[in-house]
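Numbering (this note's numbering), first residue to last: 60 to 1048. Where is the CB? At the ideal position from N, CA and C, for every residue including glycine.
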């Protein structure tokens, strides 16, 4: 088995002009395994089975591609067979293709091959179909180094899945020159301790899990303004500076057991390199400095020998010989192995290098191969390989890494996070790209109007955009489509930057830079500036979460930009306890289990239990699952999406009426044990006068379950003409459906009929009523609320709940704000309205009551519902607001009576299994409600879990009960609980 080996010696450097003394890691075989005896036997056996010329082959690694044709594959195969290559470094291609080639090449090899990759930000740097990890400059900004270790561990896992053994990472260059064209964002930053700390975490993550790490580019490529791929960069720094800055990370990593180093193609006169003997080819650097002065005992690799930094100086073969003579162990990207071996053999004969020295290096390579597990048969399993490489845990870890790096550079008057959503009119503006994901996540927090400024805009375009934006208080700007080329201004347009600066004169502007950290200096005049370092789906989803307080902003600059933005600068912003958006694995849930929801929903749609729907799951304050299924109707006219609004039916009882009652009770405006007539004197003398508010909320007030008020307006199956008209004209101004208008005074009649309705017979000596679920009480509480707050209930709720919470796609009377194609239809009502009900409340009583009723009338999305439920889980707090107090929330959501499972307004699980509205696995602390149209919303305080289910199962026929018969809602809820309880192995655990 592969074992990790550490070097424990203390390392110190005294700078007195030159290195006057040093104490590096002691001589110790870094690749010595626990089974040292077996290792020695294997190494001796392999070594002795090879001729000297075959042994030479172990010192070469050539480039291999899985996206090239048969000629390339044949060439590699021939080299493996004829030259006994030490290994391959794979570049571009695909994972399955590379796996197949790896298996073929290993079968051809007499000596097992090292398989390596230059994968600084993971396999996705080279292979398609694999997720990419953040680049090192992004990681330099991350607040949590443990995440970098976890990244190293996850990349190690991916390498092992691919049958690979060496990752040419981390880059430990201290990026001292902002104009550096080849390192830049590949470095962790400009400060040696920061680079060392992050590099060590990455290295240990790899090596602790069986993959050889490689520190590069020795002795430091960070202080250059030219690229060794195209020329030989010259570094004129003193040796003192190089030892102090550039070699510092190497000392730290060597001290902790670094297994390999890559030497760069640089000309550094102070270290003894020469114009025609750059560092890779310099014995003074490779042997004198790295091997002897720094006492490095691991493998030394050249940088790629095809790079112009050396290939401009010497022909293939010649450069390989010089690199070997300089002290390198492995010659990387050799272009002519046969010629190189021939020249090396001649050099041995000429005494330029001894046969014993070559054999020593070969044995070192073989020991490293044993440590890497190459003494075991090598076979990569290509079945479901892509899925195994980028699993759900991988995605969760990548998200955490990006989230930890987001850096708030300017925050004027603490504009970030945005606090008072109801006081803002917001727009977004993207430059360089449409930024669809960015816009999608902005919309999750509040209402936005979105604009994109096209590339190469002229003065007229800017003026037109300013006109478009003039009425918005806050504008969130996303700067996208950037490059890493400083010499081309990072792809930025100076006129666009000036335009953004001008916007600040009349608006609050929050600018997000999706790109190179050095480019942020171009936006130093922005009052509110967020730097996210890279542009991808992860960063576009995370930036809005920081802006609105779903997540804190914790990143810190890994570089200095000016006197105001020094190294480590980053304004720490807080979370406002708004919903975040994450992955199941980040919250200890199993995505594979949650995927079973897909099958249930697809079956429900196929069985015509509902034409479509949306399911949302939130855990620990983060939405981890939100998916839409099917269509608005069975003709498949429109697909359901996350913005589709549904008629929530009886969810109105808890999302509207109960919320308002909680509000009034928490502020002492009402007493639940008082009777209705206390607050509604108009009920005095009626049979409703002495009903207690508490009993109405628990459905124990003796009210009838349901009163079909609309039947009072029919003669048989036909409308009474005094109540309805097909035309919208006075007094028929109350819309019930398309082409159906009721008399404007009909709501007054409904109220009178409600007050006059009978109570149930108690049947008990105590006169106490049994539990009987009723809509009627909500008419009464609706009236009470409007009397107490002196305004319509829908306006009150919008003002105090929905708008402050950012529930911009939620409320009563949706057609006043939204088009019908954003709303799922309900019943094709043949009994009453004689037409399809679409955008109007389905419940007939609520419809003739004006569309705003205590028991029905709300429409909304799953995301907005989740905000209200999260507020409840947080004891009435959300964002920067305390809408309700903790005591009130706990009182209203707790079981209230021995007669039923109910809380105050809220429903609860039934103690008996397979009974009641929830799944069997929901704990009794859960509270929520279901709706007749096929909806449900549940919150579980014990597990900090929210479950939202929206559908229009009543379309086109309200008699369709398949959703309830098949237990679709409750079965999905049980799947959610199983996803928590299932034991899972996470990439980041």
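Distance from the CA of residue 647 to the CA of residue 681, rounded to the nearest whole angstrom, comes to 12 Å. Along the length of the region 955 to 1026, whole alpha helix (DSSP H) runs at least 4 residues long occupy 1021 to 1024, reported in chain order.
In this structure, residue 385 sits away from residue 413, with a CB-CB distance that is not shorter than 8 Å. The C-beta distance from residue 601 to residue 572 rounds to 14 Å, too long to meet the 8 Å contact threshold.
Distance from the CA of residue 958 to the CA of residue 687, rounded to the nearest whole angstrom, comes to 38 Å.
Less than 8 Å divides the Cβ of residue 229 from the Cβ of residue 274. Classified as exposed, residue 482 has fewer than 16 neighbouring CB atoms from the shown chains inside 10 Å of its CB. Residue 472 is not a Cβ neighbour of residue 630, given a cutoff of 8 Å. In this structure, residue 368 sits away from residue 283, with a CB-CB distance that is not shorter than 8 Å. Under the three-pair Cβ rule at 8 Å, the region 924 to 944 does not count as touching the region 691 to 703. If the five residues before and after residue 921 are omitted, its C-beta is found closer than 6 Å to the C-beta atoms of 673, 675, 1007, 1009, all from its own chain and listed in chain order. DSSP places residue 424 in no beta strand (DSSP E) but in the uninterrupted alpha helix (DSSP H) bounded by 414 to 430.
Residue 1017 is not a Cβ neighbour of residue 710, given a cutoff of 8 Å. Where residue 394 is concerned, there is no enclosing alpha helix (DSSP H), because DSSP gives it neither an H nor an E.
Going by beta carbons, residue 708 and residue 610 fall outside the 8 Å limit. For the pair residue 641 and residue 819, the Cα-to-Cα distance works out to about 49 Å.
Counting only the Cα atoms, residue 451 lies some 43 Å from residue 832.
Secondary structure note for residue 121: its beta strand (DSSP E) is the uninterrupted segment 119 to 123.
Judged by their CB atoms, residue 360 and residue 309 are not nearer to each other than the 8 Å cut-off.
For a cut-off of 8 Å, the C-beta gap from residue 888 to residue 900 is around 11 Å, too long to register as a contact. Nearest neighbour of residue 812 by Cα position, chosen from 429, 745, 821, 859, turns out to be 745. One alpha carbon belongs to residue 522, the other to residue 484, and they sit about 20 Å apart. Here residue 232 is buried: its Cβ has 16 or more other Cβ atoms, across all protein chains shown, within 10 Å.
Here residue 434 is buried, its C-beta having at least 16 other C-beta atoms within 10 Å. Apart from the 5 residues on each side of it in sequence, residue 188 sits with its Cβ closer than 7 Å to the Cβ of 153, 154, 445 in its chain, given in chain order. Counted as a single uninterrupted DSSP element, the beta strand (DSSP E) harbouring residue 794 occupies residues 791 to 796. Taking the Cβ atoms as the reference, residue 994 lies roughly 6 Å from residue 705, within the contact range of under 8 Å.
Taking all protein chains in view, the Cβ of residue 93 is surrounded by fewer than 16 other Cβ atoms within 10 Å, so the residue is classified as exposed. In terms of CA proximity to residue 585, 570 leads the group 595, 594, 570, 596. Residue 685 has 675 as its beta-bridge partners, per DSSP.
The three-state reading of DSSP puts residue 778 in strand, counting E and B together. Here the C-alpha atom of residue 418 lies approximately 10 Å from the C-alpha atom of residue 117. Between residue 475 and residue 632, the C-beta gap is smaller than 8 Å, which places the two residues in contact.
Between residue 392 and residue 365 a beta carbon distance of about 5 Å is seen, short of the 8 Å cut, so the two are scored as contacting. Take residue 438, set aside five residues on each side of it, and the residues of its chain with a beta-carbon closer than 8 Å to its own are 162, 165, 222, in chain order. Boundaries around residue 277 are those of the beta strand (DSSP E), 274 to 277, since no alpha helix (DSSP H) includes it.
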